[in-house]
Amino acid sequence: MTFPERFSNLPEYAFPRLRTLLDDYAPGGEPILMSLGEPRHPFPDWIGQVIASHLDEFGRYPPNDGSPELLNAITGWIGRRYGVPVALDRQIMALNGTREGLFNACMALCPEVTRGGREPAVLMPNPFYQVYAVAALAVGAEPIYVPATRETGFLPDFAALPAEVLERAEIVYLCSPANPQGVVAGRPYWAELIELAEQHDFTVFADECYSELYRDDPPVGAMQVAYEMGASPERVVIFHSLSKRSNLPGLRSGFVAGGPESIARIKTLRAYAGAPLPLPLQRVAERLWADEAHVAENRALYQEKYRLADEIFGDIPGYLPPEAGFFLWLPVADSEEAALKLWTETGVRVLPGAYLGRDTGDGNPGAGYIRAALVAPFEDTRRGLTQLRDCLYG
9 MTFPERFSNL
19 PEYAFPRLRT
29 LLDDYAPGGE
39 PILMSLGEPR
49 HPFPDWIGQV
59 IASHLDEFGR
69 YPPNDGSPEL
79 LNAITGWIGR
89 RYGVPVALDR
99 QIMALNGTRE
109 GLFNACMALC
119 PEVTRGGREP
129 AVLMPNPFYQ
139 VYAVAALAVG
149 AEPIYVPATR
159 ETGFLPDFAA
169 LPAEVLERAE
179 IVYLCSPANP
189 QGVVAGRPYW
199 AELIELAEQH
209 DFTVFADECY
219 SELYRDDPPV
229 GAMQVAYEMG
239 ASPERVVIFH
249 SLSKRSNLPG
259 LRSGFVAGGP
269 ESIARIKTLR
279 AYAGAPLPLP
289 LQRVAERLWA
299 DEAHVAENRA
309 LYQEKYRLAD
319 EIFGDIPGYL
329 PPEAGFFLWL
339 PVADSEEAAL
349 KLWTETGVRV
359 LPGAYLGRDT
369 GDGNPGAGYI
379 RAALVAPFED
389 TRRGLTQLRD
399 CLYG
């Protein structure tokens with residue numbers, strides 16, 4: 009199969025689909041954009057000073073894997089946050105945003121055929137972040153979409169898959185805290201998944217970009233659980249970002265960490281095909297990973313919005329209070345109809361859940377939901393959520 013043919017059955021990306029759905033219609037009021045998960049809280053005011061003090065470093069090629077100072081800051085954060093020791097030179101690499109890492113790690117670690125000579129499988133939740141599916145298709149693997157529904161606690165039940173599928177699995181993607189549902193994989197869930205990975209010899213890709221935005225207790229991490237279990241360090245690869253934690257999606261800074269063999273292979277690919285973060289921006293990232301004050305302030309703003317959402321939607325049947333992240337996953341009869349109605353009657357713009365899911369024959373598990381991002385300032389969020397409730401549930 010040629011490269012273009014692999015993508016022939018991939019649905020159009022969510023946001024162009026949303027523009028096609030809504031942009032021929034005038035908004036029914038002052039637009040309130042709740043469709044895109046782009047953080048809009050303030051980022052630390054010292055960012056510009058750090059860049060300015062390192063302007064001369066734009067004249068240097070940046071270290072491909074991350075500067076020693078940045079990697080030291082990241083390993084320090086992993087140790088404080090998860091209690092896991094990580095080798096600076098062998099188990100971590102800086103990323104130009106985690107989307108790059110989530111894609112390239114699959115390119116680096118997924119074989120063309122399984123050990124048994126069969127087509128490899130890459131497993132992922134359904135709904136899902138679409139880079140997971142594109143990465144699987146790019147390496148010639150079969151993407152397997154595993155429902156993450158109310159019946160499964162909005163986390164995929166990988167253990168329920170047929171043995172034949174699990175034996176072909178090379179990589180399993182899991183986002184926790186989950187986008188779009190806002191649920192958290194707890195220690196028992198991670199332990200079961202890691203045990204399954206040990207049994208069937210696949211690698212868990214833990215997309216933990218929302219890990220620092222939570223309601224009550226800090227979410228446990230995949231690497232943390234693997235370390236506590238004494239599992240192989242190659243069993244789990246984790247991905248983190250400053251986009252949500254520090255309100256800097258435009259910085260394009262994250263990291264990948266895992267076992268020495270996995271990271272060595274990812275580094276090799278990055279050396280030929282990656283785009284390292286410019287050194288002045290690495291200096292910013294270094295400071296951010298070492299500072300928790302701005303993270304706590306950011307988290308408190310989202311916690312206020314969790315309480316606001318509970319107040320507005322708490323009596324709506326099927327409402328799911330988010331444990332973490334910054335999305336509401338709200339039940340509706342039809343996600344496209346609801347999004348169109350909301351836009352044309354109020355100007356509130358949300359994302360149909362169907363655009364984040366895939367119909368695998370039993371229906372699209374996102375079709376009965378809309379996703380609303382809690383990223384706007386508090387009063388704008390209040391106004392948007394109130395109009396949303398009045399329009400769709402009033």
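Just so you know, we're using this note's numbering here: the sequence shown kicks off at 9 and counts up by one. Ideal Cβ positions, reconstructed from N, Cα and C, are used throughout, including at glycine.
Exercise. I think G190 touches E331, with their Cβ atoms under 8 Å apart; what is that distance to the nearest whole Å?
Worked result: Here residue 190 corresponds to residue number 182 of the sequence shown, with the count starting at 1. Here residue 331 corresponds to residue number 323 of the sequence shown, with the count starting at 1. Their Cβ separation, rounded to whole angstroms, is 6 Å, which keeps G190 and E331 in contact under 8 Å.
Exercise. Out of curiosity, what's the CA-to-CA distance linking A116 and L110?
Worked result: On the sequence shown, position 108 is the one that residue 116 refers to. On the sequence shown, position 102 is the one that residue 110 refers to. A116 and L110: Cα-Cα distance of roughly 10 Å.
For this session: Figure out for me which residue from N255, V383, A234, L396 has the closest Cα to the Cα of V91.
Result: Looking up residue 91 in the sequence shown gives position 83. It is worth fixing the name first, because residue 91 is Gly in this sequence and not Val. Per the Cα distances, A234.
Problem set entry | Pairwise C-alpha distance: Y153 and T368 | Position 360 of the sequence shown, counted from the first residue, corresponds to residue 368. Position 145 of the sequence shown, counted from the first residue, corresponds to residue 153. Distance between the alpha carbons of T368 and Y153: 7 Å.
Problem set entry | Where N134 sits in the DSSP three-state scheme | Taking the first residue of the sequence shown as position 1, residue 134 is located at position 126. Strand, per DSSP.
Problem set entry | E175 versus D209: straight-line alpha-carbon distance, rounded | Along the sequence shown, read from residue 1 onward, the residue named residue 175 stands at position 167. Along the sequence shown, read from residue 1 onward, the residue named residue 209 stands at position 201. Going by the C-alpha atoms only, they are around 8 Å apart.
For this session: Write down the C-beta distance between T354 and S270 rounded to the nearest angstrom, noting that I regard them as a contact closer than 8 Å.
Result: Your numbering for residue 354 matches position 346 in the sequence shown. Your numbering for residue 270 matches position 262 in the sequence shown. Going by Cβ atoms, the distance from T354 to S270 rounds to 47 Å, so no, they are not a contact pair.
Exercise. Among L26, R123, H302, which one has its Cα closest to the Cα of L250?
Worked result: For this step, residue 250 is matched to residue 242 along the sequence shown. Of the candidates L26, R123, H302, the one whose C-alpha sits nearest the C-alpha of L250 is H302.
Problem set entry | Helix, strand or coil at F263 [DSSP, three-state] | One-based indexing of the sequence shown puts residue 263 at position 255. Reduced to three states, the DSSP call for F263 is strand.
Exercise. So, helix, strand or coil for V147, using DSSP?
Worked result: In the sequence shown, residue 147 corresponds to position 139, counting from 1. Note: V147 maps to coil in three-state DSSP.
Exercise. Sorted by chain position, which residues of the same chain lie with C-beta nearer than 7 Å to A81's C-beta, five sequence neighbours on each side aside?
Worked result: Counted from its first residue, the sequence shown places residue 81 at position 73. So the list reads E294, W297, A298, once near-sequence residues are dropped.
Exercise. Would you say I202 and R243 are within 8 Å of each other, going by their C-beta atoms?
Worked result: To locate residue 202, count along the sequence shown from 1; it is residue 194. To locate residue 243, count along the sequence shown from 1; it is residue 235. Yes, they are a contact pair.
For this session: Use the C-beta contact count for T28: other C-beta atoms within 10 angstroms, 16 or more gives buried, fewer gives exposed.
Result: Locating residue 28 in the sequence shown gives position 20, counting from the first residue. Looking at its Cβ environment, which holds fewer than 16 other Cβ atoms inside 10 Å, T28 is exposed.
Problem set entry | Residue span of the beta strand (DSSP E) that contains D215, given as start and end | By 1-based counting over the sequence shown, the position of residue 215 is 207. Counting along the chain, the beta strand (DSSP E) containing D215 begins and ends at 211 to 215.
Exercise. Should S61 be labelled buried (16 or more other beta-carbon atoms within 10 Å of its own) or exposed?
Worked result: Reading the sequence shown from its first residue, position 53 is the one you call residue 61. Answer is exposed; the Cβ neighbour count stays below 16.
Exercise. Based on Cα-Cα distance, which residue from A384, Y197, L287 lies nearest to N104?
Worked result: Against the sequence shown, residue 104 aligns to sequence position 96. The shortest Cα separation from N104 among A384, Y197, L287 belongs to L287.
Problem set entry | Cβ neighbours of T394 in the same chain (closer than 8 Å, five flanking residues each side left out) | Numbered from 1 along the sequence shown, position 386 holds the residue referred to as residue 394. I320, listed in sequence order.
Exercise. Is it true that the CB of M42 sits closer than 8 Å to the CB of A317?
Worked result: The residue labelled residue 317 in the question sits at position 309 within the sequence shown. The residue labelled residue 42 in the question sits at position 34 within the sequence shown. Contact flag unset, no.
For this session: Could you spell out the range, first to last residue, of the alpha helix (DSSP H) harbouring Y197?
Result: Position 189 of the sequence shown, counted from the first residue, corresponds to residue 197. 195 to 208 is the extent of the alpha helix (DSSP H) around Y197.
Exercise. Alpha carbon to alpha carbon, what distance is there between L285 and R260?
Worked result: As a working note, residue 260 is residue 252 in the sequence shown. As a working note, residue 285 is residue 277 in the sequence shown. Cα to Cα, the separation comes out at about 8 Å.
Problem set entry | Nearest-angstrom beta carbon gap, Y222 and P185 [assumed within contact, 8 Å] | Translated into the one-based positions of the sequence shown, residue 185 becomes position 177. Translated into the one-based positions of the sequence shown, residue 222 becomes position 214. Contact flag correct, Cβ pair sits at about 7 Å.
For this session: Provide the residue(s) that pair with G321 in DSSP beta bridges, ordered along the chain.
Result: Indexing the sequence shown from 1 puts residue 321 at position 313. Note that residue 321 is Phe in the sequence shown, not Gly. According to DSSP, which records beta bridges pairwise, F321 is partnered with nothing at all.
Problem set entry | Pairwise C-alpha distance: R25 and A129 | Sequence index remark: in the sequence shown, residue 129 carries index 121 (1-based). Sequence index remark: in the sequence shown, residue 25 carries index 17 (1-based). Their backbone Cα atoms lie some 27 Å apart in a straight line.
For this session: Could you pull out every unbroken beta strand (DSSP E) segment of at least 3 residues lying fully inside the stretch 76 to 135, listed in chain order?
Result: 100 to 103, 129 to 134
Problem set entry | Helix, strand or coil at E178 according to DSSP, with G and I counted as helix | On the sequence shown, residue 178 is found 170 positions in, with the first residue counted as 1. E178: strand per DSSP, three-state reduction.
Problem set entry | Close beta carbons around A265, own chain, < 6 Å, minus the five adjacent residues each side | What you label residue 265 is simply residue 257 of the sequence shown in a count that begins at 1. The residues are V94, Q99, I100, I246.
Exercise. Beta carbon of A143, beta carbon of C183: below 8 Å?
Worked result: The residue you call residue 143 lines up with position 135 of the sequence shown. The residue you call residue 183 lines up with position 175 of the sequence shown. Not in contact: A143 and C183 (Cβ atoms no closer than 8 Å).
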